[in-house]
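Listed in order, the protein sequences are those of chains A and B. Sequence positions in the first sequence follow the working numbering and run 1 to 190. Sequence positions in the second sequence follow the working numbering and run 191 to 380. Cβ coordinates follow ideal geometry from the N, Cα and C atoms, glycine included. None of the values given here were measured: they were computed from a predicted structure.
Number of protein chains: 2
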Amino acid sequence: MKKLEEKILKEGRLIGTDILKVDGFLNHMVDVSFMDEMAEVIAEDFGDKRPTKILTVEASGIALACSAARALGYIPVVFAKKAKPNTMIDEVYEADALSFTKRTVSTITVSKNFLTKDDRVLIVDDFLAHGETGLALCHIVAQAGAVVVGYSAAIEKKYQGGSQRLRIMGIDVRSLAVIEEIKDGQIVFG
Amino acid sequence: MKKLEEKILKEGRLIGTDILKVDGFLNHMVDVSFMDEMAEVIAEDFGDKRPTKILTVEASGIALACSAARALGYIPVVFAKKAKPNTMIDEVYEADALSFTKRTVSTITVSKNFLTKDDRVLIVDDFLAHGETGLALCHIVAQAGAVVVGYSAAIEKKYQGGSQRLRIMGIDVRSLAVIEEIKDGQIVFG
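What follows is the structure, given as structure tokens:
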């Protein structure tokens, strides 16, 4: 998505050699109008897969997931939780995900009430890097006996291998902007 | 908002004597169509205050905040973070909030890049209970030198006093559903 690439170049900031901050429109301040534009592309990419639910993970994926749900005709959004609150008394599906950025392992959970074996799940997230979160989300969908019909990331850092890891599992991964590499402080799109 | 009250009675679940779970449409699975309906009411309530930004806190406030931003003509949403990620290298405003549910104190932060003294801030959140999160958000807005033009909660538990605490500070609080009390397992709306 050309406009996302332009927005990354214009508004994104590189921290060190690898971290790309897009907190001005995606994951701290949110440009909802632009989320809706991205959502239209997601709906074009995956509408024919007839998803019944969108699965994302708190917190940065929620805004885009809600826009995508609207663009797909108001299907429900489920966001996986990173900590099990003490109000979550229901049985949960859970899977571990390593955060390379935070250097921590977190367990993400989804209540068994909200994913069923009949669901056709589109996973939506803001970033796809090493794919740890993506694999954990797929693991949760599998526990529910549901099917992952696609994986849509706003920004993919292809050189970190996440999309390849997901595709090996047969997942249809499409990202709105694909970063091939970051070289000498320059972002190279694929 | 009558329809929200009906939805709470129909889909909400009481845990023990006090905790109301609405994770089937608000804070785990999200009914985006209903978020948009609530957002229309928020826009009616606060549109004439000409907010320039919506402030919420991750994660459960984000969906409603984004719908409200759209209903108000696509103003930006800023969501306060509950943990300071190691990619957040910018200066931040921060304030402490006690969670009565989780029995923890958490520090919420907002990058100084995303709130300025010229902002007219509408705070949106899913729940208003004791008001600790609300006070922390107001504290952050004050640090930026900005003004809080209103506070919109989806569900207010009035008997826990949060709205009163905020109104004493001069904040215009309006909630879409106000629970006066929970008595003998019954929810009594105000």
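Residue i burial status per 10 Å Cβ neighbour count (16 or more: buried)
| i | result |
| --- | --- |
| A:LEU214 | The requested residue 214 of chain A does not occur in the structure, where chain A is confined to residues 1 to 190. |
| B:ARG203 | exposed |
| A:PHE79 | buried |
| B:THR323 | buried |
| A:GLY24 | buried |
| A:ILE168 | exposed |
| A:LYS2 | exposed |
| A:LEU9 | exposed |
| B:ASP238 | exposed |
| A:THR191 | This structure gives no information on residue 191 of chain A, because the portion of chain A shown stretches from 1 to 190. |
| A:THR104 | exposed |
| B:LYS292 | exposed |
| B:PHE236 | buried |
| A:GLU156 | buried |
| B:ARG240 | exposed |
| B:LYS302 | exposed |
| A:PHE127 | buried |
| A:ILE75 | buried |
Interface residues of chain A facing residue i [CB-CB closer than 7 Å]
| i | result |
| --- | --- |
| B:TYR264 | VAL32 and SER33 |
| B:ARG260 | VAL32 |
| B:SER301 | ASP23 and HIS28 |
Within chain A, partners of residue i - CB distance below 9 Å
| i | result |
| --- | --- |
| B:PHE304 | ASP23, GLY24, HIS28 and MET29 |
| B:LYS271 | HIS28 and ALA59 |
| B:VAL267 | MET29, VAL30, ASP31, VAL32 and ALA63 |
| B:CYS328 | Within chain A, no residue comes near B:CYS328; the closest Cβ sits about 19 Å away, beyond 9 Å. |
Where the alpha helix (DSSP H) through residue i begins and ends
| i | result |
| --- | --- |
| B:GLN333 | 322–333 |
| A:LEU98 | Not the alpha helix (DSSP H): A:LEU98 falls in the beta strand (DSSP E), residues 92–99. |
| A:LEU166 | 162–168 |
Residue range of the unbroken beta strand (DSSP E) whose run includes residue i
| i | result |
| --- | --- |
| B:ILE265 | Neither: B:ILE265 is in no beta strand (DSSP E) and is coded neither H nor E. |
| A:ILE108 | 104–111 |
| B:LYS373 | 363–373 |
| B:ILE377 | 376–379 |
Within chain B, the residues that residue i reaches when beta carbons sit closer than 9 Å
| i | result |
| --- | --- |
| A:GLU58 | GLU248, ALA249, SER250 and ILE252 |
Neighbour list for residue i in chain B, Cβ cutoff strictly below 7 Å
| i | result |
| --- | --- |
| A:ILE89 | ILE205 |
Residues that residue i bridges to, as DSSP identifies them
| i | result |
| --- | --- |
| B:THR246 | B:PHE269 |
| B:SER342 | B:VAL314 and B:ARG364 |
| A:LYS157 | A:ILE179 |
| B:ILE337 | The question names Ile, but residue 337 of chain B is Val in the sequence shown. Paired residue(s): B:ARG310. |
Near the ligand FMN: residue i beta-carbon under 7 Å from a heavy atom
| i | result |
| --- | --- |
| B:ALA258 | Summarising the ligand content, the structure contains no ligands, and the ligand FMN is consequently not present. |
My parser needs the beta strand (DSSP E) runs of 3 or more residues fully inside the region 196–228 of chain B; what are they?
203–205 and 209–211
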